[in-house]
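The opening residue of the sequence shown carries number 36 in the numbering used here; numbering runs sequentially from there.
Beta carbons are placed, not taken as given, at the ideal position from N, Cα and C, and that holds for glycine.
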Amino acid sequence: MKEIQLPRDALQRVDLGKAFAEYDIIRRSAELFVSTPATLAALNKSNNSCFFIGRRGSGKTAITIEMERKSPRTVTILPQIFDLIKLPLDVADFKDTRQRPFKSLVYAVERALLGELIKQWIKDKKFDYGSAPDVVQKERTLIENLDFEERFLNLCDEIFQAFQSDNERLWLRQIKRRDELFRAIQVYGDDANYHYTFLIDRLDESWDGSDTAIICLMALMHASVRLIASNPCIKPCVFIRENIYDRIKAVDNEFSRLETSVVFLEWTEAKLAEFVARRLVHPFNTKPKLVDAWGYFFQEDKPGDAIQRVMALSQHRPRDVLMLCDYAIKSAINENHQKIQDSDLRDAEKRYSTSRLKDLGDEYAENYPNISVIIEYFFGLGNEFTISAIEDFIQKLLLEEKINKHCSSWFYDYTVPFRFVELFYSIGFLGLRGKRGVVYKDTGADANTKPLIDHATTFVVHPTYSAALNLRPIVLSNLSEETILQHEGILEDLPDSFGLDEYKETLKKTLEDLKTLPVGSEGATRFEDIVGTVIKLCFFRYLTNVQAKERTYDSSVIRDWIASNRAPSGFWEMIRQKHGATQVVWECKNYEDLHSDDFHQVQYYLNKTSGYFGIIAYRGDKIKDSYFKHISAIANKNDNGIVMPITQKDLEVFLRQAIKGTSKENHIQDRYDNIIRMIS
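Here's what the structure looks like:
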């Protein structure tokens with residue numbers, strides 16, 4: 036067959052899309068979606084699997100987009116309750132899933148989900164309150180006036196008030212109300228038009244990783260298993276990040292009830308190659324076959340060379356592969372190459388490696404706070420270690436004061452070499468070299484599966500991280516006393532003039548000041564200072580040149596903040612592209628309720644020069660419905676401009692994440708997405 040001739044500027048026409056599915060071209064181009072076993076399980080109505088587990092960038096959100104596209108009866112829930120709920124008892128009282136405290140929490144989740152199902156039936160005109168059973172009439176206020184999160188919080192208050200008052204009858208009445216609601220819904224089980232899939236995603240984006248958050252997520256998981264097994268009208272699909280799944284597995288004493296409903300997001304090299312190929316050929320009217328697509332864009336000595344090179348450097352996640360290929364394309368364009376050369380991949384490798392190294396420390400900071408501090412001590416060493424060299428490495432780490440200060444909560448449990456290796460194997464940093472070659476933890480494999488290690492095994496740092504850590508291609512059999520561990524600040528990317536200790540202490544003090552600061556004019560100036568500190572210390576990777584912008588109002592000086600938006604990717608880059616926001620203004624309000632004047636003040640700053648995006652930081656705990664009217668009015672008048680309220684809880688989340696060594700934009704991105712949905 037005659038080879039297809041692509042235009043000379045083919046690389047310039049290629050748009051691989053965004054690494055984050057929330058903003059990816061997959062939303063508007065269904066043909067770019069690549070189906071995997073996890074996708075098939077999610078779309079299969081008769082499949083009772085309801086937990087979809089994967090690392091960052093493994094395709095969880097992409098599956099929800101495809102399910103929304105293919106199924107007309109889906110309900111998307113992005114819970115924000117995990118940083119809001121306050122359990123009425125000690126966390127320890129909820130650890131036994133067989134006891135009443137935890138069971139009460141599960142019943143509250145089930146009842147909230149069943150209420151959401153009825154609300155959707157009403158919205159889709161499949162059901163009406165006029166002919167509804169008595170139990171639905173009793174629940175009408177909860178169903179009609181509240182969303183899932185508010186309903187869950189109200190139900191928790193009710194059921195635990197009964198529990199704590201030792202009023203057995205009142206507690207049983209609450210439990211039986213769920214059973215009555217369940218039976219009322221079950222009547223419609225034989226009619227497929229009443230069957231809905233609930234997509235519960237991005238659970239970790241607005242929580243602080245606390246034990247309370249884990250308990251609430253456990254309750255959601257147990258409720259999902261119970262519902263999917265007993266009522267065909269509702270199929271909850273819960274998308275969970277792998278490191279959070281590991282935490283739940285470690286504390287749930289009835290985890291066997293859950294793990295049979297788990298699907299891991301697995302990607303083969305063939306599927307990943309197809310994933311990139313679909314995007315490479317997408318812009319062209321005459322398209323090469325997918326199996327041949329890589330050869331049209333990569334210079335290869337023989338077919339498949341480029342795929343093997345990319346797969347060896349990546350960790351078999353679509354986001355990783357997409358990012359590496361995108362960097363290589365940019366390098367080739369800059370060098371005026373018509374195809375991606377080996378030199379372009381080498382140029383892309385360093386940038387990609389540094390990005391993935393930071394992301395690794397960020398991803399697992401919740402399980403192992405400041406794990407990036409330990410990873411950076413590998414800098415300049417070899418890429419392969421014997422068990423003796425690992426033992427020497429650990430002994431040197433034990434002498435580092437930095438480790439004692441920032442990693443003591445967990446590191447000393449992993450100072451036995453085999454435990455240390457198991458941990459770093461489970462997060463994908465180390466692989467094992469045995470008789471059959473090097474084995475890394477498979478994408479989607481259970482992290483608690485123990486690798487087979489003996490004294491003949493050597494341990495290889497994954498190639499993804501070699502360039503960023505400047506590793507030498509040698510096997511280290513030991514580390515002599517003269518070997519000094521280096522830390523070049525690759526992972527601990529800190530604001531100017533800050534050392535790690537000072538940075539962490541400043542964050543902790545700012546968080547404490549925020550929690551104790553009085554509301555009102557008395558604490559206004561200090562609140563302005565706190566918001567400025569949050570911008571400078573939590574968003575320094577994206578927002579720079581932070582300056583105070585003072586104005587006078589009612590004879591008082593009010594300080595707002597303005598920051599330059601120079602983000603190269605992610606949420607802030609999207610804000611710059613979509614809203615032209617080269618400058619971001621933060622207004623500071625040291626009170627709990629916002630007024631129309633507050634929104635008008637931010638609107639004043641929105642213009643073509645600085646962009647159409649502003650933030651109001653205030654002391655409330657929740658964004659009220661009335662605020663969306665003001666936001667919508669501003670969007671309609673100001674070229675789709677957005678004013679985003681940021682609550683005290685949001686500020687606390689930003690600070691806690693930074694203290695743990697987590698640098699992620701998910702929380703603020705989720706706040707933005709919620710606003711867009713509410714005003715659309």
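Considering only residues of the same chain and omitting the five flanking positions on each side of residue i, which have a CB-CB separation below 6 Å?
i, result
"F420", "F494, L511"
"A559", "N625"
"L432", "I438"
"A598", "I570, L578, V581, V619"
"D128", "P136"
"L140", "A254"
"W156", "F162"
"A602", "Y577, E608"
Going by alpha carbons, who is nearest to residue i out of the options?
i, options, result
"L529", "E145, E289, V408, H635", "V408"
"F233", "Y500, V273, S200, Y412", "V273"
"K270", "L465, L149, S390, I279", "L149"
"M713", "L690, E700, I703, I666", "I666"
"K374", "Y707, L46, S715, R706", "L46"
"A76", "T99, E66, G92, L67", "T99"
"S291", "W156, N266, T132, F459", "T132"
"T499", "F562, L380, G534", "L380"
"Q350", "I509, Y460, G615", "Y460"
"F332", "D656, P680, I39, N79", "I39"
"A305", "E277, Q334, V356, M256", "V356"
"H490", "G330, K284, I422", "I422"
"D382", "L359, Y399, Q196", "L359"
"F575", "K543, K550, Y538", "Y538"
"I711", "G676, F689, K695, S378", "G676"
"D564", "D595, L181, N671", "D595"
"F414", "A503, D536, L467", "A503"
"N278", "S93, R43, D214", "S93"
Per DSSP, which one or two residues make a beta bridge with residue i?
i, result
"W206", "In DSSP, W206 forms no bridge with anything."
"Y716", "The structure shown has nothing for residue 716, since the chain only spans 36 to 715."
"L234", "T111, C272"
"L578", "N600"
"N371", "In the DSSP output, where bridge partners are listed per residue, N371 has none listed."
"G649", "V620, V678"
"D595", "K584"
"F494", "F420, L467"
"V473", "R468"
Check residue i in the structure and name its three-state DSSP category.
i, result
"A143", "helix"
"E622", "strand"
"D685", "helix"
"A400", "coil"
"E419", "strand"
"R507", "strand"
"C272", "strand"
"W445", "coil"
"K584", "strand"
"N709", "helix"
"F117", "helix"
"R468", "strand"
"F533", "coil"
"L181", "coil"
"V554", "coil"
"N642", "strand"
"V451", "coil"
"V171", "helix"
"L526", "Reliability fails at L526, whose pLDDT of 46 lies under 50, so the model's placement of it is uncertain and the value that follows must be treated cautiously. It is coil, neither helix nor strand."
Here's a check: name, in chain order, each residue in its chain whose Cβ is nearer than 8 Å to the Cβ of residue i, leaving out the five neighbours to either side.
i, result
"S64", "H317"
"L526", "For L526, the predicted structure reports a pLDDT of 46, less than 50, and the residue's modelled location is therefore unreliable. A value from the coordinates is still provided. For L526, where only same-chain residues beyond five positions count, the Cβ hits under 8 Å are L392, K393, G396, S407, V408, I410, E411."
"E435", "Y412, L520"
"G524", "Unreliable placement is indicated for G524, whose pLDDT of 48 sits below 50; no coordinate value is reported for it."
"K161", "N228, Y229"
"C268", "L152, I220, Q221, Y223, G224, Y229, H230, Y231"
"Q172", "Y164"
Using a threshold of 6 Å, is the CB atom of residue i nearer than that to any non-hydrogen atom of the ligand FMN?
i, result
"S93", "Summarising the ligand content, the structure contains no ligands, and the ligand FMN is consequently not present."
Leaving out five residues before and five after residue i in sequence, what residues of the same chain have Cβ atoms less than 7 Å from its Cβ?
i, result
"E309", "V69, L325"
"V260", "C85, R292, L293, S296"
"T247", "I120, L122, V126"
"D427", "N513, L514"
### Message
Ignoring anything shorter than 3 residues, give me the beta strand (DSSP E) runs that lie fully in the stretch 265-351, in order along the chain.
### Response
269-276, 297-299
### Length-filtered (3 minimum) beta strand (DSSP E) runs lying within the stretch 64-108
86-89
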